[in-house]
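Chemist: I am attaching a structure below and will ask some questions about it afterwards.
In the numbering used here, the protein residues as written are 7 to 421.
Put into C-alpha cells, the structure is as follows:
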C-alpha cells in the first residue's frame with residue numbers, strides 16, 4: 007500500500023497538502039512522471055513483475071521517459087510488444103496540460119499550465135544568443151507576499167509535485183523540439199551535433215524562479231531536480247541550474263548539500279526597515295542571518311558565486327547609500343557574489359515605480375567600482391506579463407469567458 011504521509015513543509019502550511027508518494031488517478035493508473043528508477047521498479051513489482059524483470063523494465067521506461075521524451079508506451083521499441091499494453095493499462099506518462107501559450111515580441115515564451123486537479127500555474131522560456139533559460143514554478147501561488155511581486159498577490163493553492171515540476175522541463179523540450187531525433191516516433195537513431203531538432207534556441211539553463219518559494223517545497227523540488235540532473239535522464243548539469251529563494255534560511259544549507267545547484271537570493275534591500283516592508287520573510291529571517299547562511303552555503307566559491315537579485319524601486323532602495331551598503335555587506339561576509347539589478351516590471355495595482363535608467367546605471371557603477379559584478383538585467387517578456395515579478399496565472403487576469411474562448415479555439419485547431 008502506498009505511503010500517504012504528507013509533506014512536511016517548513017514555515018507556512020500548505021492549505022492543500024499533496025501526498026509525498028504516488029496516488030493513483032481516478033482510472034486507477036499511476037503516473038510515472040516525477041519518479042526515479044527505484045520507485046518505478048517497486049511499482050512494477052507491486053503490479054506483478056518479478057524483481058529482476060521489474061528492474062529491467064524500470065531502466066527501459068526511465069530512459070524512454072526522461073531521455074527520449076516519449077508519452078506513449080507503444081513508442082518504447084525495445085520493450086516487448088506484449089508488455090506495452092500491460093504497462094499502458096496500469097501506468098501513464100502525463101505532462102501538465104497546456105492551457106495557453108504566448109510569444110513575446112522579444113522571443114520570450116510563456117505557458118499557462120494546468121494540473122490534473124485543475125490548478126493553474128505558469129512557466130517561461132527566455133532565449134538569448136548563447137543560451138535558453140527556462141523559468142520553472144515550484145508552487146501554485148505563493149505565501150511570501152513580496153510587495154513588488156505580482157505572484158505575491160496570489161494565495162498559495164498548493165505545492166507542485168515532482169512530476170509537475172520536471173514536467174515543465176519536459177513540456178519545454180516538447181515545444182522546442184529538443185528531444186533526440188526520432189524519439190517521439192520510437193526511433194532510437196544515432197544523434198549528430200547533439201541530436202536535437204530545435205527551433206534555433208536550445209534549453210540550456212533552468213532557474214527555479216517561477217511561481218512560489220522553492221525552499222517551501224524543498225523535497226519535491228529536490229526530487230525533481232535530481233531527475234533533471236540524472237545523466238541517464240534529462241542530463242542537465244547542476245552548473246546550469248539556479249535555485250532562487252527569498253531567504254528560507256533553515257533550508258539553504260540542505261539545498262547546497264542535497265541538490266548542489268547555484269543559489270540566487272532575492273535580496274532587494276540592505277536595511278531591515280526596507281526589507282521588512284518589501285520582502286516580509288525578513289521579519290522571520292533577518293538580513294544578518296540570511297547573509298551568514300549565504301557565507302555558509304556549501305560549494306560557494308569564486309567559480310560558483312551566489313547571485314543577489316535586487317529589484318530597483320524608485321526612492322525605496324536605489325540610492326548611492328544603498329549601493330555602498332550593499333558593497334559593505336558583501337565584503338563584510340566575504341561573499342563570492344554578483345548582483346543582478348532588475349528594473350521593476352510594473353503590474354496593475356503595484357505601489358512602486360521603477361528607478362530611472364540613470365539611477366540604475368549609477369547604482370551599478372558604485373557596485374562595479376568596488377569589484378563586484380552588477381549587471382543590469384534587460385527586461386524580457388513584458389508584453390505578455392512574463393518578466394520578473396509579473397507572473398500571475400492568466401485565470402486570475404482573464405475572464406472565464408475569455409479562457410473558454412481560447413480553449414475552444416485550441417480544441418478546434420486540434421480537430
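Note that the Cβ used here is the ideal one computed from N, Cα and C, for glycine as well.
In three-state DSSP terms, what is residue 269?
Modeler: Residue state, collapsed to three classes: strand.
Chemist: Exposed or buried, what is residue 123 when buried is set at 16 or more other beta-carbons lying within 10 Å of its beta-carbon?
Modeler: Classification of residue 123: exposed, given that the 10 Å Cβ count is below 16.
Chemist: Considering only their Cβ atoms, is the gap separating residue 341 from residue 306 smaller than 9 Å?
Modeler: Yes.
Chemist: Report the rounded CA-to-CA distance for residue 316 versus residue 285, giving the unit in angstroms.
Modeler: Going by the C-alpha atoms only, they are around 11 Å apart.
Chemist: Tell me the DSSP bridge mates of residue 250?
Modeler: DSSP, once it has assigned bridges, lists 270 as partnering residue 250.
Chemist: How close, in whole Å, do the beta carbons of residue 68 and residue 239 come, if the pair is a contact with beta carbons under 8 Å?
Modeler: That belief holds up - the Cβ atoms of residue 68 and residue 239 are roughly 7 Å apart, short of 8 Å.
Chemist: Beta strand (DSSP E) containing residue 317: first to last residue?
Modeler: Run containing residue 317: 312-318, per the beta strand (DSSP E) assignment.
Chemist: My parser needs the beta strand (DSSP E) runs of 3 or more residues fully inside the stretch 290-354; what are they?
Modeler: Fully enclosed beta strand (DSSP E) runs of 3 or longer: 312-318 and 343-349.
Chemist: Is residue 366 near the ligand NAD, judged by its Cβ being under 8 Å from some heavy atom?
Modeler: The ligand NAD is not among the ligands present in this structure, which contains no ligands whatsoever.
Chemist: Go through its chain and collect everything with a Cβ distance to residue 171's Cβ below 6 Å, but skip five positions before and after it.
Modeler: For residue 171, where only same-chain residues beyond five positions count, the Cβ hits under 6 Å are 230.
Chemist: For the alpha helix (DSSP H) that residue 182 lies in, which residues bound it at each end?
Modeler: That run of the alpha helix (DSSP H) goes 168-182.
Chemist: Under the rule that 16 or more other beta-carbon atoms within 10 Å means buried, what is residue 243, buried or exposed?
Modeler: Result: exposed.
Chemist: Excluding the 5 residues flanking residue 232 on each side, which residues of the same chain have their C-beta closer than 8 Å to its C-beta?
Modeler: Hits under 8 Å: 42 and 265.
Chemist: Would you call the stretch 377-384 and the stretch 326-345 touching, i.e. three or more CB-CB distances under 8 Å?
Modeler: Taking 8 Å as the limit for Cβ pairs, the verdict is that the stretch 326-345 does touch the stretch 377-384.
Chemist: Consult DSSP for residue 116 and reduce its assignment to one of helix, strand or coil.
Modeler: Residue 116 falls in the strand class under three-state DSSP.
Chemist: If contacts are defined as beta-carbon pairs under 8 Å, then residue 96 and residue 80 qualify, I think. What distance do you get, rounded to the angstrom?
Modeler: Actually they do not touch by this definition, with Cβ atoms about 15 Å apart.
Chemist: Just verifying my parser: in three-state terms, what is the DSSP assignment at residue 42?
Modeler: Of the three classes helix, strand and coil, the one that applies to residue 42 here is coil, per DSSP.
Chemist: Starting from the C-beta of residue 109, find all residues in its chain whose C-beta is less than 7 Å away, skip the five residues before and the five after it, and write them out in chain order.
Modeler: Closer than 7 Å at the Cβ level, and outside the excluded window around residue 109, lie 115.
Chemist: If you measure between the beta carbons of residue 356 and residue 154, is that distance less than 9 Å?
Modeler: Going by C-beta atoms, residue 356 is nearer than 9 Å to residue 154.
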